Structures are given as structure tokens and as C-alpha cells.
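This report concerns only the one structure given below.
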Amino acid sequence: MNIVPSKKLIDKLLCMEVDDNDFHQATLNMMYQEWQTNYIGYTYKEILDWFEDTYDSFAKFAVLIGKYNQQVCNGGHIQYFDNGYANGDGGCFYKHSSSIPLHNELIKLFEKTELKEDELSLKVLKILKKFEIEEEDDEILNYDYLRALDNQYYELCDEFMELINDYIKQKIIGESKC
0 MNIVPSKKLI DKLLCMEVDD NDFHQATLNM MYQEWQTNYI GYTYKEILDW FEDTYDSFAK
60 FAVLIGKYNQ QVCNGGHIQY FDNGYANGDG GCFYKHSSSI PLHNELIKLF EKTELKEDEL
120 SLKVLKILKK FEIEEEDDEI LNYDYLRALD NQYYELCDEF MELINDYIKQ KIIGESKC
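Position 107 of the sequence shown, counting from 1, maps to 106 under numbering that gives the first Met the number 0, and the rest follow consecutively.
Quick look at the structure:
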């Protein structure tokens with residue numbers, strides 16, 4: 000069964016001023032605004048769980064894939080891990096689990112979208128599934144492997160983010176009953 004945006008998420012996004020119909024960025028902004036305004040003490044995982052409970056799994060997927068892209072494009076998979084986005088607890092000064100639970104949730108949600116039927120998306124999904132952290136005494140051991148994975152993603156990321164933006168826009172506007 001595919002995940003789709005809830006009426007609550009659609010209504011919220013359609014009532015907002017959304018630049019260039021970028022509903023993906025608007026969804027990221029919506030969560031961040033709530034986090035910084037009303038839930039400042041929450042971890043990334045806690046705010047994502049709240050966001051999913053308030054809106055839906057589609058909204059959570061939009062945030063997870065957006066933060067993955069932002070972190071990897073800014074500093075690679077190591078930054079994505081070190082800043083806690085793959086794990087969900089704390090930020091760059093915390094110890095993170097190499098079991099990467101939020102990253103694994105991203106993969107599960109991705110597989111529940113219609114994106115799994117698209118060739119470009121399947122290439123990105125393959126990269127997501129290859130991501131793993133090998134560490135010992137807080138030192139990442141598979142640095143070269145992760146850098147190679149970064150480069151694989153960099154070749155696809157711009158086109159993939161356009162696809163994600165179009166997909167989310169289509170799901171929001173296409174599912175609206177206005």
C-alpha cells in the first residue's frame with residue numbers, strides 16, 4: 000500500500016504561501032517551524048514522530064528524504080551520520096548508533112511510495128540501502144566506502160530532488176479536493 004498525504008497535510012500546505020509550488024521545502028519548513036517554536040526540547044526523532052502523528056507518514060518521508068539530501072550534499076554521508084539525522088538522537092556532539100534507525104525508516108517509507116517504480120528513484124534507493132557505518136572507538140572505519148557512496152549520490156541528487164519536488168507537488172495538488 001502506497002503512502003499518500005493526509006487531508007490535514009494537504010489543507011495545511013494549500014493554505015500556506017508556497018514559493019514556486021515547492022511543497023517539499025514547505026513541508027520541511029513546517030516541521031522545522033514547529034520544532035523551533037513549540038517543541039524546542041525534542042530530539043530530531045521525537046519531532047519527526049510528532050510530525051507523523053500530527054500529519055502522516057507521507058509528511059515524515061518528505062522530511063526524511065529532504066534532510067538526507069541536505070546533509071549528504073553539504074558534507075556527505077559522514078555528516079548525515081555525525082549530525083544525527085540517520086539516528087535521530089542529538090546532533091553532532093552525541094554518540095550515534097551505527098544501526099541508523101531513522102535511515103532504515105526512510106528506506107521503508109521510500110518503498111511505500113510510487114517512486115519505487117521510477118528508474119532514477121531506484122538508483123537512489125539502491126544508494127540508500129548501501130549506506131552503513133562501520134566504526135570502532137568512535138572512529139568511522141569505512142570512510143573511503145562512504146566517500147564513494149557520496150559521489151554516486153552527487154551524480155543523481157539534482158535530478159532526483161526535482162523528481163521529489165514534482166512528486167510531492169503532484170501528490171498535494173492531485174489529492175486536494177478543492
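Virtual Cβ for every residue (Gly too), placed ideally from N, Cα, C. Keep in mind the model is a prediction, meaning the values are calculated, not measured.
Remark: C-beta atoms of G83 and T42 approach each other more closely than 9 Å. Remark: three or more beta-carbon pairs, one from each stretch, lie closer than 8 Å, so the stretch 100-112 and the stretch 124-143 are flagged as touching.
K115 is positioned such that its CB atom lies no closer than 9 Å to that of L155.
If the five residues before and after H102 are omitted, its C-beta is found closer than 7 Å to the C-beta atoms of A85, F130, all from its own chain and listed in chain order. Its chain contains N164, K168 as the residues whose beta carbon lies nearer than 8 Å to that of D21, once the 5 sequence neighbours on both sides are disregarded; these appear in chain order. DSSP places F57 inside the alpha helix (DSSP H), whose first and last residues are 56-81. The alpha carbon of H23 has as its nearest neighbour, out of Y153, G87, K66, E135, the alpha carbon of K66.
According to DSSP, E138 shares a beta bridge with E135. The C-alpha of E133 lies about 16 Å from the C-alpha of D149. Taking C-beta atoms under 8 Å as the contact rule, K11 and M29 qualify, at a distance of about 7 Å. Nearest to S5 by alpha-carbon distance, out of K44, W34, T53, is T53.
In the displayed model, T42 falls within coil according to three-state DSSP, outside both helix and strand.
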